[in-house]
Amino acid sequence: MGDLNQRRWIRVYEEADNSPPSITSSANTSAAIDQAYHYDANDQLESSGASPISYSLTSGPTGMTVSSDGTLSWTPTAAQLGNHSVTIQADNSYGSDSQSYSITVTAAVAPLNFNNETLGSYTTSQDLAGTVTIEDGGHSLHLVGNRWQQIAFPYTLTANTVLEFDFSSSVQGEIHAIGFDNDHTHTTNHTFQLYGTQHWGLQDYRNYSSGTQHYRIVVGEHYTGNVQYLYFVADHDISNPTGESVFSNVRVYEQ
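Written as structure tokens, this is what we have:
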């Protein structure tokens, strides 16, 4: 009979990662004059491989920068209309990788002018009391009370569709939101909530605090397809509603 008290040792360890970097993020290939260029949804290069990984801009248009942590910044000027080649390099102790692509710079899409639009109730059961005012030469829509308003906006939302605007509110209601629709039937999965005491709609952008806040929503990350309306919400279901939503410089474009 063998020794029942015999000991066996098992060694468990993690093998070191000695791999060179491989850039895994994908670049946005379009930009607009005087608008901040967004490399991707979070403006951040990403790579696999052993840490630490540092980044640098090998070649690119004037004014473009890439920080060592992979943050890319650039705002094209009017003189930069057209195509621009970009090459970015990632380095670590075991090697390097590069990503090359071309950016096409076009004229910026003009913001909506609400003076040129026909405003109407979005869901008559919700658009009940308060005021609707067009301000700033048509570039701002000011809702006070319990107002759900829409404009005709036939559009095909793609994976690259962006909704960009400024928002402010001096009185918090229950739901302050914006979204696209086909049939005047409000749904949570088409509504981007920005502010409010209730939780209703998509919550990724419910982060408003005070003053004027800029929003850039990649709609195509949430839903795509044909739509007919763009709607705006200041929901405040009380006897004397005072909730306020101000939407300004609203633009829809393809990134």
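Going by my numbering, the letters in the sequence shown line up with residues 8 to 262, in that order. In this text, a Cβ means the ideal position worked out from N, Cα and C, and glycines have one as well. Small disclaimer: the values here were computed from a predicted structure and weren't measured.
Quickly, what does DSSP pair residue i with across the bridge? List them, please.
i	result
Asn233	Thr163
Tyr62	Ala97
His183	Tyr202, Ala241
Leu88	DSSP, once it has assigned bridges, lists no residue as partnering Leu88.
Ala39	Thr113
Asp104	Ala97
Arg213	None; Arg213 has no bridge partner.
Tyr222	Phe172
Val73	Leu79
Gln51	Thr78
Tyr260	Val169
Ser26	In DSSP, Ser26 forms no bridge with anything.
Glu251	Val151
Asp188	Tyr236
Below 8 Å on the Cβ atoms is my contact criterion, and I expect residue i with residue j to pass it. Report the Cβ-Cβ distance as a whole number of Å.
i	j	result
Val169	Gln262	5 Å
Thr111	Asp173	Their Cβ separation, rounded to whole angstroms, is 26 Å, which puts Thr111 and Asp173 out of contact at 8 Å.
Thr249	Gly152	7 Å
Ala34	Asp47	7 Å
In its own chain, which residues sit with a C-beta less than 7 Å from the C-beta of residue i, not counting the 5 before and 5 after it?
i	result
Asn25	Ala57, Tyr101
Asn256	Pro118, His146, Phe172, Asp173
Thr78	Asp50, Gln51
Ser177	Glu251
Ala273	Outside the shown range of the chain, which is 8 to 262, sits residue 273, and nothing can be said about it.
Met8	In this prediction, Met8 scores a pLDDT of 47, lower than 50, which makes its location untrustworthy; the coordinate-derived value is nonetheless stated afterwards. Hits under 7 Å: none found.
Asp143	Ser255
Thr36	Tyr108, Ser109, Ile110, Thr111
Asp244	Asn153, Glu181
Ala136	Gly152, Asn153, Pro248
Let me check you understand the geometry: is the CB of residue i closer than 7 Å to at least one non-hydrogen atom of the ligand PLP?
i	result
Ser252	The model on display carries no ligand, and the ligand PLP is accordingly not part of it.
Quick one: what's got a C-beta closer than 6 Å to residue i's C-beta in the same chain, skipping five residues either side?
i	result
Thr163	Asn233
His91	Pro68, Ile110
Asp98	Ser61
Asn247	none
Trp155	Tyr129, Thr130, Gln133, Asp134, Val240
Gly70	Trp81
Val116	Arg258, Tyr260
His149	Thr140, Glu142, Val253
Would you mind stating whether residue i and residue j have Cβ atoms separated by less than 8 Å?
i	j	result
Gly180	Asp134	no
Tyr222	Leu201	yes
Leu209	Phe160	no
Ile141	Asn122	yes
Ser107	Pro28	no
His193	Thr125	no
Thr138	Gly227	no
Ser63	Val73	yes
Thr94	Tyr44	no
Ser175	Val253	yes
Who are the Cβ neighbours of residue i in its own chain at under 8 Å, not counting the five residues just before and after it?
i	result
Ala85	Ile40, Asp41
Arg213	Gln200, Leu201, Tyr202, Gly203, His206
Gln157	Leu126, Gly127, Ser128, Tyr129, Asp188, His191, Tyr236, Leu237, Tyr238, Phe239
Ser105	Ile30, Thr65, Thr94, Ile95, Gln96, Ala97
Ala114	Ala39, Ile40, Leu88
Ser75	Ser61, Tyr62, Ser63
Glu53	Ile30, Thr31, Ser32, Gly77
Asn195	The sequence as given places Thr at residue 195; Asn does not occur at that position. So the list reads Trp207, Gly208, Leu209, once near-sequence residues are dropped.
Exercise for review: Pick out the complete beta strand (DSSP E) segments inside the stretch 111-177, 3 residues or longer, and give them in chain order.
Suggested key: 136-142, 147-164, 168-175
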